[in-house]
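Visitor: Chains A and B supply the protein sequences, listed in that same order. Each residue of the first sequence is one higher than the last, beginning at 8 in my numbering. Each residue of the second sequence is one higher than the last, beginning at 288 in my numbering. What follows is a structure written as structure tokens; I'll ask about it next.
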Amino acid sequence: MTVSHPTVEAIPRTHDVEVKELDAVTIRFCGDSGDGMQLAGTQFTNVSAIVGNDISTLPDFPAEIRAPAGTLAGVSGFQVHFSSHDIHTPGDQLNTLVAMNPAALKTNLKDLEPGGILIINSDAFTTSDLHKAGYTSNPLEDNSLKGYRVLRIPINTLNREAVAPVKLSPREADRCKNFFALGFVYWLYERPLEPTLRWIREKFSKNPAVLEANTRSLKAGYNYGETVETLPVHYRVPKAHIKPGKYRKITGNEALAIGLVTAASLANKPLVYASYPITPASDILHQLAELKRFGVRTIQAEDEIAAVGMAIGAAFGGALGVTATSGPGICLKSEAIGLAVMTELPVVIIDVQRGGPSTGLPTKTEQADLLQAMFGRNGECPAVVLAPRSPADCFDVALEAVRLAFRFMTPVFVLSDGYIANGAEPWLIPQIDRLPSIAVHHPSSPNGNGHGDVPFLPYKRDERLVRPWALPGTPGLEHRIGGLEKEDITGNVSYDPINHERMVRIRAQKVANVAKEIPELTVEGPPEGDLLVIGWGGTYGTTLTAVQRAQRKGYKVAQAHLRYLNPMPRNTGDVLRRYKKVLVPELNSGQLLLLLRGTYLVDAVGLNKVQGRPFLVSEIEQKIEQML
Amino acid sequence: MSTATSLPTLTAKDLASDQEVRWCPGCGDYSILAQMKKALASLGIPREKFVFISGIGCSSRFPYYMNTYGFHTIHGRAPTFATGLKACRPDLSVWVITGDGDGLSIGGNHLIHAIRRNVDIKIILFNNEIYGLTKGQYSPTSRTGTRTKSSPLGSIENPLRPLSLAIGAEATFVARTVDVDINHLTETLRRAAFHRGSAFVEIYQNCKIFNDGVFDYATDKSIKADNTLYLEHGKPLIFGKDRNKGIRLNGLEPEVVTLGSGITVDDLLIHDERAEEPSLAYLLSRMVYPRFPECMGVFRAVQRPTYDELLNKQIDEAIAKKGRGKLEELFASDDTWVVE
């Protein structure tokens, strides 16, 4: 690993500070949504990843771009969990909280552990700011923070002094204060400055004044920690012992974008990605729009319906057609997805789930679209449904979604969520030659009777019940598809009642056949026992951590996680029946629970949370102990 | 069967599918289907390169009757499927078949955006001013006062003018024709086929069952010459059985004038389908019977880069500038580190 050491100006140490080694730390940066806390958090994450820690992040920001400054509604936070061992969650309780104003303190203090480090921008605790946050007395003076190690730093003042040599307006100068705070935290946790300095140089190369100011702020924050006796100690979190290889940091949305491009490349197909801007899925569009050199065609559609129509139209033409959205967009796309089921065209539909119903909580996470993906269309309308379990897993799931769509000529849902989409973790970069191949076949001659004079039969199926993907432009295979019921084999319009029932069963069986080609469900822990905790999607890391803790306490508990929701792995029923009790934690009111109980007749119970936030490890742990 | 050495010569018959045509007897759609086959056969494009994409409604059954590639999609959304297809398959000749309900009511949004983008697709709107397949409700083009099952006391809504809407949406090709004028219909479809970009064609189409005779003023041989005006590029706007009437501009208003008694051909508007500004084309699209003759032919035909062309050009340029993307560099597009 080549990471250069911090290039701070040499300042003689005025005192010796103890360095204490920690196994893992959870820190949250929070402030007004204009304070640059997402940026500070992201930079801290990058540097922690580069120095070799395992990381997991949880950004938390309001739906409004700029809610009124200083109010509780405008607070934006970014949580980073970094450690010297393998971690799967962004952390339950905070060890350190950075609060840039009273509103941030008020909304976040409850998550700080007793005795935790509280870094406060004391300049922001004016009467008016306190009032906006609803404080009747100043918490810096009323002794209410006595259970924490409070570091009051006049960040506004110190930052202005640091950037004074650069000619900036007071407003511009204040905008650098997130870098001052970040610099201080870098000192506190012994992080190098260089990666962030490099980022500043690249980002502001065309604005030398801002470049200089941010550089000064960052260094000043670091030096402040080093010079001033704020704490008698600072901390070191050693490198994590994780699987050898080349890594990068990745968010779920990045991993989906990269996964789709990779899948298109493996299948030798152009990627046509059509979508309408929607939180929290828009970043996939932004990522892909930058990747024109990879032959990616992005279309910003006029609405959600147009986006899925374009993806299906591209699939009809032989491309990899993909659309992504969040729950409200899926509602609009449902009719077109039904058409893709009826015409049996391969298309990938990504749903980055957020709090619902309706507009709901656009920037908060939830898992409440599972039943919508399963059943939210008219008629008997089965589609394949997959769900990634973590940001990096989005890459693998994107590949699998494309593979299954092509192989089974079916729409495939990918159910991500806001937590996975914006959260980040290290990604072990795969070796290109070890990636699975994605085979695609297009017929070039009629499939009638082999004599060439029988027309092409677009609904004649192979042994897996998959119909041929014949492309426009192929001579002799001219055919028509559409949303009206099709006659078996010929694909002609048919209103015959017996044919309709046959076709309904064929479409269902084709999707069910996917189960023959996917891995069996595995468990973490004892193969049989007292309790199985089974989940899907973004709850994986939290559940795993909770189950591992319970196992260490001696409980006979195991975890299973469903990446394939439809169809489920063929041994799912067997696995469920090997445990005395089954617990299903979900960020909804019990959707997988309903499917498992209905499909496998097991008396599973749910642990359900619908607060727009992920589970805490402790919540699942408590439920496990309560059940045993 | 075609041979490898010569271009296939298509006949209209080659373009007929084996499916029984199920429109009502006397429906204007039969004529459009026949002229479409004739027009397509004359283009020198191989049959497998044609794709017909439709929405829902009587007109949208069209693809089933053409022995080409076809996609009968969902209500109002045909332009979106056509846009996705054309984005990755610029080699295909893509035709959207829609109606006044499909294209202007439920699908109005997609229609204007496909036109605005100038996707290289041909959009043929069968306007019969009624909902046929749902058995006779008024449509967005029905005239105010039209009595139907859903408007027993007469429609209280203002009708849309399809061509005005298309021009307002920055259309590069706009034309109108009528189902029974078979030569003009064929020629108009050919003109649309040769246009590079979104071509929008409105066809007056008679619904024998629910709105019979609504276009008689434009089709009845005894009166149509006085009620329609056939546009020709570079020619003055003259019409009438005796070819003695014309359209003159009075300020910003068109007016019907009679030639003679001091008014000559030189006073009349000259049709310029290639005008950069669409104002005059828009004005022509607003001329409505009985106050005016209704114009037939090509209102506007200008060249602009097409969406599919620009989409692919950005990709080609990005590759030319920095080389084709490699997965290795994509994976490492952020800071990386190595764990030993």
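Cβ coordinates follow ideal geometry from the N, Cα and C atoms, glycine included.
Mark A/Glu309 as exposed unless 16 or more other C-beta atoms lie within 10 angstroms of its C-beta, in which case mark it buried.
Guide: For the purposes of this step, residue 309 of chain A is identified with residue 302 of the first sequence, where counting begins at 1. Its Cβ being crowded by 16 or more others within 10 Å, A/Glu309 is buried.
Visitor: For B/Asp301, which residues in the same chain have their Cβ closer than 8 angstroms to its Cβ, ignoring the five residues on either side in sequence?
Guide: One-based indexing of the second sequence puts residue 301 of chain B at position 14. Ala328, Arg334, Asn354.
Visitor: Closest by CA to A/Thr78, which one among A/Lys113, A/Ser55, A/Glu508?
Guide: Taking the first sequence and counting its residues from 1, the one referred to as residue 78 of chain A is at position 71. Of the listed residues, the one whose Cα sits closest to A/Thr78 is A/Lys113.
Visitor: For A/Leu569, collect the residues of the same chain with a Cβ closer than 8 angstroms to its Cβ; drop the 5 residues on either side in sequence, then sort them by chain order.
Guide: Indexing the first sequence from 1 puts residue 569 of chain A at position 562. Same-chain partners within the cutoff: Ala394, Leu528, Ile541, Gly542, Trp543, Met575, Pro576, Thr579, Leu599.
Visitor: Residues in its own chain within less than 7 angstroms of A/Thr21 by CB, not counting five upstream and five downstream?
Guide: Start at 1 with the first residue of the first sequence, and residue 21 of chain A comes out as number 14. For A/Thr21, the pLDDT reaches just 48, beneath the cut-off of 50, and the residue's location in the model is therefore unreliable, although a value from the coordinates is still provided. So the qualifying residues of the chain are Thr234.
Visitor: What does DSSP give as the partner residue(s) for B/Trp382 in the beta ladder?
Guide: By one-based count along the second sequence, residue 382 of chain B stands at place 95. Partner(s): B/Phe339, B/Lys409.
Visitor: If you measure between the beta carbons of A/Ser63 and A/His92, is that distance less than 9 angstroms?
Guide: Against the first sequence, residue 63 of chain A aligns to sequence position 56. Against the first sequence, residue 92 of chain A aligns to sequence position 85. No.
Visitor: How far does the alpha helix (DSSP H) with B/Pro366 in it reach, from first residue to last?
Guide: Taking the first residue of the second sequence as position 1, residue 366 of chain B is located at position 79. Run containing B/Pro366: 365-375, per the alpha helix (DSSP H) assignment.
Visitor: Smallest Cα separation from A/Ser135: which of A/Ile127, A/Asn145, A/Ile126?
Guide: On the first sequence, position 128 is the one that residue 135 of chain A refers to. Nearest option by C-alpha distance: A/Asn145.
Visitor: Can you tell me the Cα-Cα spacing of A/Arg6 and A/Arg487, whole angstroms?
Guide: For residue 6 of chain A there is no data in the structure shown, the boundaries of chain A being 8 and 635.
Visitor: CA-CA distance, A/Leu238 and A/Gln374?
Guide: Position 231 of the first sequence holds residue 238 of chain A. Position 367 of the first sequence holds residue 374 of chain A. Per the coordinates, the alpha-carbon of A/Leu238 lies some 42 angstroms from the alpha-carbon of A/Gln374.
Visitor: So, are the CB atoms of A/Phe402 and A/Pro437 less than 9 angstroms apart?
Guide: The count along the first sequence starts at 1 and reaches residue 402 of chain A at position 395. The count along the first sequence starts at 1 and reaches residue 437 of chain A at position 430. It is a contact, given that the beta carbons lie within the stated cut-off.
Visitor: Is the beta carbon of A/Thr103 closer than 9 angstroms to that of A/Leu116?
Guide: Against the first sequence, residue 116 of chain A aligns to sequence position 109. Against the first sequence, residue 103 of chain A aligns to sequence position 96. No. Outside cutoff.
Visitor: Given a cut-off of 9 angstroms, decide if B/Asp513 and B/Pro580 are closer than it, judged by their beta-carbon atoms.
Guide: Mapped onto the second sequence, residue 580 of chain B falls at position 293. Mapped onto the second sequence, residue 513 of chain B falls at position 226. It is a contact, given that the beta carbons lie within the stated cut-off.
Visitor: DSSP three-state call for B/Gly629: helix, strand or coil?
Guide: An answer regarding residue 629 of chain B cannot be provided, because it is not within the stretch 288 to 627 covered by chain B.
Visitor: In the DSSP assignment, find the unbroken beta strand (DSSP E) run with A/Lys253 in it and report its ends.
Guide: As a first step, residue 253 of chain A is located in the first sequence; it is residue number 246 there, counting from the start. Unbroken beta strand (DSSP E) run through A/Lys253: 252-258.
Visitor: Does DSSP put A/Phe323 in a helix, a strand or coil?
Guide: Taking the first sequence and counting its residues from 1, the one referred to as residue 323 of chain A is at position 316. Three-state DSSP puts A/Phe323 in a helix.
Visitor: Which residue or residues does DSSP assign as beta-bridge partners of B/Asn414?
Guide: Locating residue 414 of chain B in the second sequence gives position 127, where the first residue counts as 1. Paired residue(s): B/Tyr491.
Visitor: Hey, A/Val82 and A/Tyr242: beta-carbon distance below 9 angstroms or not?
Guide: Taking the first residue of the first sequence as 1, we reach residue 82 of chain A at position 75. Taking the first residue of the first sequence as 1, we reach residue 242 of chain A at position 235. A/Val82 is not a Cβ neighbour of A/Tyr242, given a cutoff of 9 angstroms.
Visitor: Cβ of B/Pro667 less than 9 angstroms from any chain A Cβ?
Guide: Residue 667 of chain B is absent from the model: chain B starts at 288 and stops at 627.
Visitor: Between which two residues does the beta strand (DSSP E) harbouring B/Arg463 extend?
Guide: On the second sequence, residue 463 of chain B is found 176 positions in, with the first residue counted as 1. Its beta strand (DSSP E) spans residues 460-465.
Visitor: A/Ile18: buried (16+ other C-beta within 10 angstroms of its C-beta) or exposed?
Guide: Here residue 18 of chain A refers to the residue found at position 11 when the first sequence is read from its first residue. The predicted position of A/Ile18 is uncertain, since its pLDDT is 43 and thus under 50; a value taken from the coordinates is nonetheless stated next. Counting other Cβ atoms within 10 Å of its Cβ, A/Ile18 stays below 16 and is therefore classed as exposed.
Visitor: How would you write the range of the beta strand (DSSP E) that A/Ala446 sits in, first residue to last?
Guide: Your numbering for residue 446 of chain A matches position 439 in the first sequence. Here A/Ala446 belongs to no beta strand (DSSP E), and DSSP marks it neither H nor E.
Visitor: Could you list which residues in chain A have their beta carbon closer than 8 angstroms to that of B/Phe358, in chain order?
Guide: Taking the first residue of the second sequence as position 1, residue 358 of chain B is located at position 71. Ordered by position in chain A, the residues that pass the 8 angstroms Cβ test against B/Phe358 are Gly320, Phe323, Thr350, Arg487, Ile488, Gly489.
Visitor: Please confirm if B/His471 has its CB atom under 9 angstroms from at least one CB of chain A.
Guide: Position 184 of the second sequence, counted from the first residue, corresponds to residue 471 of chain B. No - not a single Cβ of chain A is within 9 angstroms of the one on B/His471.
Visitor: Using a Cβ-Cβ cutoff of less than 7 angstroms, which residues in the same chain neighbour B/Thr367 once the five nearest sequence positions on both sides are dropped?
Guide: Numbered from 1 along the second sequence, position 80 holds the residue referred to as residue 367 of chain B. Closer than 7 angstroms at the Cβ level, and outside the excluded window around B/Thr367, lie His397.
Visitor: What does B/Gly610 touch in chain A if you count any residue whose Cβ is under 9 angstroms from its own?
Guide: The residue you call residue 610 of chain B lines up with position 323 of the second sequence. Residues of chain A passing the Cβ test: Arg300.
Visitor: Give a yes or no on whether the C-beta atoms belonging to B/Gly315 and B/Lys495 are separated by under 9 angstroms.
Guide: Here residue 315 of chain B corresponds to residue number 28 of the second sequence, with the count starting at 1. Here residue 495 of chain B corresponds to residue number 208 of the second sequence, with the count starting at 1. Closer than 9 angstroms, so yes.
Visitor: With respect to the beta strand (DSSP E) encompassing A/Phe85, which residues constitute its N-terminal and C-terminal limits?
Guide: Along the first sequence, read from residue 1 onward, the residue named residue 85 of chain A stands at position 78. Segment 82-90, the beta strand (DSSP E) holding A/Phe85.
Visitor: Mind pulling the chain B residues with CB within less than 9 angstroms of A/Pro202?
Guide: Your numbering for residue 202 of chain A matches position 195 in the first sequence. Within chain B, the residues near A/Pro202 are Asp622.
Visitor: Can you name the start and end residues of the beta strand (DSSP E) that A/Gln566 belongs to?
Guide: The count along the first sequence starts at 1 and reaches residue 566 of chain A at position 559. Counting along the chain, the beta strand (DSSP E) containing A/Gln566 begins and ends at 564-569.
Visitor: Which bits of chain B does A/Gly328 rub up against, with CB to CB less than 9 angstroms?
Guide: The residue labelled residue 328 of chain A in the question sits at position 321 within the first sequence. The answer, in chain order, is Gly371, Cys375.
Visitor: Quick check on the DSSP output: the beta strand (DSSP E) that includes A/Asp39 runs from which residue to which?
Guide: In the first sequence, the residue the question calls residue 39 of chain A occupies position 32. Taken as a continuous stretch (DSSP letters only), the beta strand (DSSP E) holding A/Asp39 covers 31-39.
Visitor: Nearest-angstrom Cα distance between B/Ala374 and B/Thr421?
Guide: Here residue 374 of chain B corresponds to residue number 87 of the second sequence, with the count starting at 1. Here residue 421 of chain B corresponds to residue number 134 of the second sequence, with the count starting at 1. Each residue's CA atom was taken as its position, placing B/Ala374 and B/Thr421 some 33 angstroms apart.
Visitor: Going along the chain, which residues of its own chain have a beta-carbon closer than 6 angstroms to the beta-carbon of A/Met8, five neighbours each way excluded?
Guide: On the first sequence, residue 8 of chain A is found 1 positions in, with the first residue counted as 1. For A/Met8, the pLDDT reaches just 35, beneath the cut-off of 50, and the residue's location in the model is therefore unreliable, although a value from the coordinates is still provided. Closer than 6 angstroms at Cβ, skipping near neighbours: no residue.
Visitor: Leaving out five residues on either side along the sequence, give the residues of the same chain with a beta carbon under 8 angstroms from the beta carbon of B/Asp305.
Guide: Residue mapping note: residue 305 of chain B aligns to position 18 of the second sequence, counting from 1. The answer, listed in chain order, is Asn354.
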